[in-house]
Structures are given as C-alpha cells and as structure tokens.
Amino acid sequence: SKATSRRIPTQRTLRKLGRHDLDSSISKHHGGYVRVAQRMGLRSQFRRVKGYWQDAGNVVEELRTFSRSSGLDESQCPSYAQLERAGRHDLKHGVESLGGRKAATELLLEHQEEQAPPSQVN
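Residue numbers (our numbering): 1267 to 1388.
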C-alpha cells in the first residue's frame, strides 16, 4: 500500500525547511530517525557508511543513545531480545561485531570511566 512505502523526511530535508527543532528532538529524545520511522510505520532513508558497525566508538554511542531513549542502564549492553523488539537489528549486528554483549558492556564501562570527572582527594 502507499502508506507503507512512505518515508520519514531526511535530516537534510528537515534542516532545509528550517525544522531544526524536529531534527534535534528526533536525534536527542526519540532514538534517531530509524527508530522514529519504525514507530510511525514509515521507512527511513537513513543508511550507515560502510564499516560503521565495526567501529567500537560508533557502537558504544549507538548503545548509549538506545539505552537512554529506552530508559535502560547505559552501563550495560541491552539484551539481543530488547534490540530485536525495538527493530534494531543493525545495532545487534554492531554488538556482535565487537565480540558480543559482554565485550560491548566492557567497552561501555570503559567509556563511562573516560567520561567521568576526576575524583577529588582530600
């Protein structure tokens, strides 16, 4: 049907229309363009560059964004079932490319320590 072939506007389109508010909200508060498109029953034109999911930094950032938008603990890798239920097979693949959930959780914890402010010693 025509409804299932409709696509969510691209980031470029929203910005060109001056809708930086929508772009920001989609990216920061609703899990990104792919997630919003899925929730609305639309298709996304968003594609990752080749090798994106093999870069640990990208996977860690995507996991953090997913966990934040899903109300999950950002220091733990979501279960494969959670990722699949959310339609995030791409992110599941990224986790697998890192060596699985245990390896991904270790990277999340390392990244969290790097982000933490230095502790003060009195």
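Every residue gets a Cβ at the ideal spot worked out from N, C-alpha and C, and that includes glycine.
This structure is a prediction, so every number in the text was calculated from the model and none was measured.
Tell me which residues share the same chain as residue i and place their Cβ nearer than 8 angstroms to its Cβ, disregarding the 5 neighbours each side in the sequence.
i: SER1345; result: ARG1367
i: ALA1322; result: LEU1364 and LEU1373
Helix, strand or coil: how does DSSP classify residue i here?
i: ARG1272; result: coil
i: ARG1334; result: helix
i: ARG1309; result: strand
i: LEU1329; result: helix
i: LEU1374; result: helix
Here's the rule: buried if 16 or more other CB atoms are within 10 angstroms of the residue's CB, otherwise exposed. What is residue i?
i: GLU1379; result: exposed
i: GLU1376; result: exposed
i: ALA1303; result: buried
i: LEU1283; result: exposed
i: VAL1315; result: exposed
Please check the pair residue i and residue j, which I expect to be a contact at CB under 8 angstroms, by giving their CB distance rounded to whole angstroms.
i: LEU1364; j: SER1341; result: In fact, because the Cβ distance is near 15 angstroms, the residues do not count as touching under 8 angstroms.
By Cβ distance, which residues of its chain are closer than 6 angstroms to residue i, with the 5 residues on each side in sequence left out?
i: GLU1328; result: LEU1357
Can you give me the Cβ contacts of residue i inside the same chain, cut-off strictly under 7 angstroms, excluding the 5 residues immediately before and after it?
i: TYR1318; result: ASN1324
i: VAL1361; result: VAL1325, CYS1343, ARG1367 and ALA1370
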